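Chains as they are written, first to last, in the numbering used here: chain D, 1370 to 1654; chain C, 1370 to 1654; chain G, 1370 to 1654; chain Y, 1370 to 1654; chain L, 1370 to 1654; chain W, 1370 to 1654.
No residue lacks a Cβ here, since even glycine has one placed at the ideal position from N, Cα and C.
These figures come from a predicted structure and were not determined experimentally.
Below you'll find the structure, written out as structure tokens, and then a few comments.
Protein chains: 6
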Amino acid sequence: MLNNHEKVKIILEALPYIQKFSGKIIVIKYGGSVMEDEELSKEVFRDIVLLKFVGMMPIVVHGGGKEITHLMKKLGIPSKFVSGHRITDKETLDIVEMILAGKINKRVVAGINAQGGLAIGLSGKDANLIKAEKLVLNESLDLGYVGDIKSINIKLLESLLYEGYIPVISSIGIDEKGQGYNINADIVAGKVAQMLKAEKLIYLTDTEGVMDRDKGIISHLSINEAKRLIDEGDIVGGMLPKVTSGVDALQGGVKKVHIINGTFAHSILLEIFTEEGIGTEIVKS
Amino acid sequence: MLNNHEKVKIILEALPYIQKFSGKIIVIKYGGSVMEDEELSKEVFRDIVLLKFVGMMPIVVHGGGKEITHLMKKLGIPSKFVSGHRITDKETLDIVEMILAGKINKRVVAGINAQGGLAIGLSGKDANLIKAEKLVLNESLDLGYVGDIKSINIKLLESLLYEGYIPVISSIGIDEKGQGYNINADIVAGKVAQMLKAEKLIYLTDTEGVMDRDKGIISHLSINEAKRLIDEGDIVGGMLPKVTSGVDALQGGVKKVHIINGTFAHSILLEIFTEEGIGTEIVKS
Amino acid sequence: MLNNHEKVKIILEALPYIQKFSGKIIVIKYGGSVMEDEELSKEVFRDIVLLKFVGMMPIVVHGGGKEITHLMKKLGIPSKFVSGHRITDKETLDIVEMILAGKINKRVVAGINAQGGLAIGLSGKDANLIKAEKLVLNESLDLGYVGDIKSINIKLLESLLYEGYIPVISSIGIDEKGQGYNINADIVAGKVAQMLKAEKLIYLTDTEGVMDRDKGIISHLSINEAKRLIDEGDIVGGMLPKVTSGVDALQGGVKKVHIINGTFAHSILLEIFTEEGIGTEIVKS
Amino acid sequence: MLNNHEKVKIILEALPYIQKFSGKIIVIKYGGSVMEDEELSKEVFRDIVLLKFVGMMPIVVHGGGKEITHLMKKLGIPSKFVSGHRITDKETLDIVEMILAGKINKRVVAGINAQGGLAIGLSGKDANLIKAEKLVLNESLDLGYVGDIKSINIKLLESLLYEGYIPVISSIGIDEKGQGYNINADIVAGKVAQMLKAEKLIYLTDTEGVMDRDKGIISHLSINEAKRLIDEGDIVGGMLPKVTSGVDALQGGVKKVHIINGTFAHSILLEIFTEEGIGTEIVKS
Amino acid sequence: MLNNHEKVKIILEALPYIQKFSGKIIVIKYGGSVMEDEELSKEVFRDIVLLKFVGMMPIVVHGGGKEITHLMKKLGIPSKFVSGHRITDKETLDIVEMILAGKINKRVVAGINAQGGLAIGLSGKDANLIKAEKLVLNESLDLGYVGDIKSINIKLLESLLYEGYIPVISSIGIDEKGQGYNINADIVAGKVAQMLKAEKLIYLTDTEGVMDRDKGIISHLSINEAKRLIDEGDIVGGMLPKVTSGVDALQGGVKKVHIINGTFAHSILLEIFTEEGIGTEIVKS
Amino acid sequence: MLNNHEKVKIILEALPYIQKFSGKIIVIKYGGSVMEDEELSKEVFRDIVLLKFVGMMPIVVHGGGKEITHLMKKLGIPSKFVSGHRITDKETLDIVEMILAGKINKRVVAGINAQGGLAIGLSGKDANLIKAEKLVLNESLDLGYVGDIKSINIKLLESLLYEGYIPVISSIGIDEKGQGYNINADIVAGKVAQMLKAEKLIYLTDTEGVMDRDKGIISHLSINEAKRLIDEGDIVGGMLPKVTSGVDALQGGVKKVHIINGTFAHSILLEIFTEEGIGTEIVKS
């Protein structure tokens, strides 16, 4: 047990990091198992509120695949996936939106507010935050209402950040006719970070980071190395959209991308407040 | 058929009403059968966007009882009501939030945006918009997570209105621990109008307005007359929270309350742009 | 006779036009016979106030040739014109200013205010709004105090528009010594529109628009066609400064120029609120 | 002849007065013979521009009785006066407005601008600056369009002052129907000073100030003394509205009222930049 | 040694305190032995910069008695004190100002800046920050240029705080003739805290806090208890102006006053970031 | 003796100069014998306050060589100079700062405030106003803490000017570790003027200006002529940093540089308010 004096000295050790990231935008993709663990989520929300109160500007983007699948099963609707995309018909889209914008988004908002922050939940429909169009992978395959991002309404996000709110974004898109789209949350997080030229884009995942072929964590990746790994097929599954979006974000002006283990309490703080960091970081060069 | 010249003369007839309500806040409770009619809803959204573009500041509050009951039935959960309140356990509250904040709210937002407006959907959880506590009607009855409004974050609403957005509010409340509550949307609409000292509070219903004992529409009510009707038991069912909240709103500074037939296209515009108006209006004296 | 329901549907038809021109600057040259018709002028003022209240930013520029000539005759001073310019000696300039800035300008301002707008009358002398120098057509001809525009104080106009006023401008110029100049109002309107990059520049005239050789109205002109008509001498008299200034304005950033019949009630609204429009429109290409 | 060193020492003597009146509003009623003297007027304009540039906020109010009478005579219309008020029919009102708002106002504006200031001329019609109603002295006498001030739009004046302009006001009023009124300029100056809580209200006249019965100048008057002089009939003619309006202005918050000889060059500066001052000053007590 | 994970958990423990004092003004009187210890001072500056970066608004007030005496001795001038006040003639005042505003103030400013803050040093002369007059204890005693505070220019402090600077104030006063005064820094700190309605006023001293007669630390005092201790003569010497000014500050709106041991590293942080706190706290009741 | 009327005419003669320099930044290097003359300094402060009140934005930069040498002698420390630079060890730097920031700076601030201005004293340490590094003339010579300017925090100066303060700057620099540096005040004045693109940079000296070889004053110098004089060794001693910094300032955007005799009362005003000016002016070409 530390005495108070030892404790404040440790708090002081955080000062250089607080100064370095003061006023900077940190986009956090919240997803994976951490979402299912109420206690762990509470810790994540507390981490986010801490970032806010020491002067950073966190933005949360979330997905919610498992809960969508769960409700669909309850309602007797089968979930179908093609190359990682959920085939999304009208009925499915309704369920996606209800789970994302109605359940998870508000759970995150309430969780952050309970820690003393002031979060505002946004679906991509709100103020046309995420303008999208139908994603067409190839002519012969119809994914239904799966969307491809066309633009982000950064004016709204900047004004909410400026007024002190923590935006919490559901990965839903909208087209000019008001049609909704289901979008991969990793891609939304990357695009939001890129458009706001965020300091950091942090993906909370269920693994320790990007693995090499021997299942060792790669702690540092340049854009070129990341691209090579993608080309050589070493990055697959749910890691693929994270790395791809991360690379795009870096090329668009984001300083650093982190893929870290969200199932480990305070991994966000470890990444931001220590020199070593954790997981995999991707940087420009 | 009118020629163009006759048409612009009719547009000009709207000028006195546009001038009268320029810059004024109009709170619209959107609910009832109109919500189930896609075409009719589209007209309502168009009416709201018109109000915005001719200089008024519309705010939409919505409920969604029928769709909640529908999804509960699908999921095999029975709906129980006591004195008009839905008994709301944890599972029910999840469904309420999914339908309200996830489905209906985003449908309204997308509908308004498709007409050229810029709506932002808000649950009472967002930025603690609707602070609430557990509603206790009497000691022996536990309604579950049914909420009583403690305060409204008008700073958020004012700043969104000022930046040109149309707020769309789901009737969900939150307490300081982040716990959600299911609240009657009529009451939310009344409280929002009251706290913002709105010019008008309009309830869209399935009937022509408040009826007298002979089923004739009462076109005009003073606060005192409304109170007397309530006391004498002439106002019952879904009309009761509307009239009660309307009276509270008037006493809190709202200019006029209207209870009109939302199943009739453009009833909002008829109320605002014509001398006669429609339905029942309640005024201070 | 239409019922109220039919009327609000017609008002709704204006929505796309209101949205399209929201926040846009519309410069209106008010002149010709319409100025002499009190009832017709009242309708024009009402049209202008409607534009303002539905979100546009109208600016009025006016001339006043006939009333100047009328007062000169009363005072026993002959009016002399050379190539459309009034020979303006000191005494004439006094009369020009009295009629324009003292009589017509204030009549327009009062007329707009009576319709519920808030107009501010400006001569080009006010805050050096229209900086001018002596117009020299050729060495051997002295037009007196007829001016050529050097610059427009757009800062003043923008700040008045921003605060919600409707500027009403008399076509008087000023040089750095405070000397006044009589300037063609069509040219002033064109220059004001150009400097503010107005959406529309509308000339209210006594004819249906630009005519072809067979006295048919030309409903659409490109800049090149307009220039050709001028070169071939098909545009003459009072139409010449309108078309010339209109072409300059378009080349300077104005979207569309309209030459319409002001003697027909609500011609402004017809131009703005209907697809067909009226009169002649000139566009970039 | 002074050398430069002696000159800058004299400039420095003005510093205490510049500091004292920095940021203060000075309302100057410009009228009488000074208006007819071009050279003298130029000096007045220079004085006003100096006040502006050393940090004060001058506002000019002007009348123009003699030039109105002059033009009326030229047009063959007789001038009729009752108790100092010009009987003002429709035709006379037109002439009043043309002379005031069209000729004199713009002459003052141009004169100030030529000295390097930036003046904006305003009639009471502009932005409803001077709201008025028909003045009724007694039932049996109809003065025509002679007005009584109901209110002043101080928001407009404050915003123009704040942006660095010198407002120049013609004594014309307007009612809610847009009807114009001829108002005594002394009364307008007093009311403007009063509503803006001006530091000083200066009347430029053709005499040395208020005279006692022996034709000696009274250099200092309290409100009570001024009222007594009025009651005893010692203040008459054109001096009456000045003293009466001055007393009203003082009671409404103006610090000091000065009645000085405007036919003497730089009398404004003498009043402001010297300890002795000139003419008559009226103070609260 | 703690691992990173344990460290971030300790940082998180600071969150409730960061939230509680976010945006609050903390006035710190820096003085006593801590000033002479370069390493300790560095820690104090780091503490202050931490407070700033986690959202609080620290203001530093400093004295410098020992260094003044030291320089006076070097220059061969004897230091004389009467009831704790340094007799301050013209020569002494020069030395006081040189040490306070020239040496210590700039040392503090540079020290804070070196830690990454942005401090601005202010003497009470700057922008007339501390208006003072000659302090007269009794008629027969002339303390020389020892001052009594008349007012604080809080507009300047608020604007510097708002722009993100850390004000560092030397305890010098000024009268309207520009004459400087030597003022007790404890009193300056109290008055600054009071006028800004600071959240906390912290006195860094060389002792553990206010002692009772048995030399035990009194950890908590109400205003009434503090007054009683003063009246009974239990608070003497350098502790007297601290407790007296602290009581005044509390009565003027400051939330809490702390008298803590500045010779112990991070005592400021211990006071702010732990529940127990250290030293003596004085509160309203 | 002039009468009041003659006096105000002389004040009016200043108008063109007041207009010309309204809103412009004037940097004044205050130094030399004038600093030792209390009465003369008072006149300089009055001049500066006059400039401020008639709309200019004066900034004062001061040195203080003689008083530093004087205190060092009193403390028994010898002053050593190499090529015009004072060898500055730790002890010397303390004395430099005490004299500059503690004594002279506050004397100037108090002097300006006593004349009705509102000055704020700044050392280069405040808000890192003057970032500096060690000046290295050549490898073999160590000047100690003599600094070379790296950058000026113009944001701070602009915000103070905007809020109406008169900045008074001591020629002290700071590096990122908080180490102070002694910098030549002429160079500081030149750099401040350059970074703010001042209208004028005025050096108050003990001579009439730059002299030619026959000891005649050179009243006008182009940059090229000034460079030639430097190259040919005709500008030496204390005049060298003034002319060199002046040339740099002109090349960086300053309009005019003046080297004038500060021992002559009101030389600043003579330079600004008369056509002839005094001393030497250096201009771009």
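Asked                                                                                                                               : Found
Segment contact, 8 Å Cβ cut-off, at least three pairs: the segment 1406-1418 of chain L with the segment 1472-1482 of chain L       : yes
Whole-Å CB distance - W:Tyr1514 paired with W:Thr1457, under 8 Å assumed                                                            : 4 Å
Every unbroken alpha helix (DSSP H) within the segment 1616-1647 of chain W, with a cutoff of 4 residues, ordered by chain          : 1636-1642
Residues within the segment 1532-1556 of chain D neighbouring chain C, beta-carbon criterion of under 8 Å                           : Glu1532, Tyr1534, Ile1541, Ile1543, Glu1545, Lys1546, Gly1547, Gln1548 and Gly1549
Cβ shell of L:Asn1358 (< 6 Å), same chain only, five flanking positions each side left out                                          : Given a span of 1370 to 1654 for chain L in the structure shown, any question on residue 1358 of chain L remains unanswerable.
Environment of Y:Val1451 [buried if 16+ CB atoms lie within 10 Å]                                                                   : exposed
Assigned secondary structure, Y:Pro1427 (DSSP; H/G/I helix, E/B strand, else coil)                                                  : strand
Residue interval of the beta strand (DSSP E) (run including Y:Asp1517)                                                              : Gly1516 to Ile1521
Beta-carbon proximity check, W:Ile1543 vs W:Lys1494, cutoff 8 Å                                                                     : yes
Validate contact between the segment 1637-1654 of chain C and the segment 1372-1390 of chain C using beta carbons, cut 8 Å, 3 pairs : yes
Closer than 8 Å at the beta carbon, the chain W residues around L:Val1478                                                           : Ser1492, Lys1494 and Asp1495
Rounded straight-line distance, which links the Cα of C:Pro1536 to that of C:Ala1488                                                : 6 Å
8 Å Cβ cutoff met for W:Lys1500 and W:Lys1475                                                                                       : no
7 Å Cβ cut-off: residues of chain L touching W:Lys1472                                                                              : Asp1463, Glu1466, Met1467 and Gly1471
Proximity to W:Glu1466 [Cα-Cα], best of W:Ala1595, W:Ile1395 and W:Gln1548                                                          : W:Gln1548
Beta-carbon contacts of W:Met1426 that lie in its chain and below 6 Å, excluding the five residues immediately before and after     : Ile1394 and Leu1530
Test item: CB-CB of G:Gly1615 and G:Gly1559 under 8 Å                                                                               : yes
Where G:Pro1536 falls: helix, strand or coil (DSSP)                                                                                 : strand
Within 8 Å, strictly: CB atoms of C:Ser1410 and C:Asp1575                                                                           : no
Sequence-distant residues of the same chain with beta carbon closer than 6 Å to G:Leu1510, five excluded per side                   : none
Below-8 Å beta-carbon distance, G:Asn1372 vs any chain Y residue                                                                    : no
Residue from D:Leu1598, D:Asn1593 and D:Leu1525 whose Cα sits closest to the Cα of D:Leu1565                                        : D:Leu1525
Which of helix, strand or coil DSSP assigns to W:Ala1496                                                                            : helix
Below-8 Å beta-carbon distance, L:Ile1428 vs any chain W residue                                                                    : no
Within 9 Å of chain L by C-beta, residues of the segment 1589-1610 of chain D in sequence order                                     : none
Rounded distance between the beta-carbons of D:Ala1470 and D:Ile1541, thought under 8 Å                                             : 6 Å
Neighbour flag for Y:Gly1615 against chain W, beta carbons, 8 Å                                                                     : no
Buried or exposed by the 16-neighbour rule on C-beta atoms within 10 Å, applied to L:Gln1563                                        : buried
C-beta neighbour in chain G for C:Gly1424, strict 8 Å                                                                               : yes
Within 8 Å, strictly: CB atoms of G:Ser1591 and G:Val1652                                                                           : yes
Contacts of Y:Ile1489 in chain G (Cβ-Cβ under 7 Å)                                                                                  : Asp1495 and Ala1496
Three-state secondary structure (DSSP) of D:Asn1372                                                                                 : coil
Within 8 Å, strictly: CB atoms of C:Lys1398 and C:Val1418                                                                           : no
Burial state of W:Asn1497 (16 or more Cβ within 10 Å)                                                                               : buried
W:Asp1463 versus L:Leu1440, L:Gly1453 and L:Tyr1572, residue with shortest Cα-Cα distance                                           : L:Leu1440
Closer than 8 Å to chain L by CB, W:Leu1324                                                                                         : Any property of residue 1324 of chain W remains undetermined from this structure, which presents chain W solely from 1370 to 1654.
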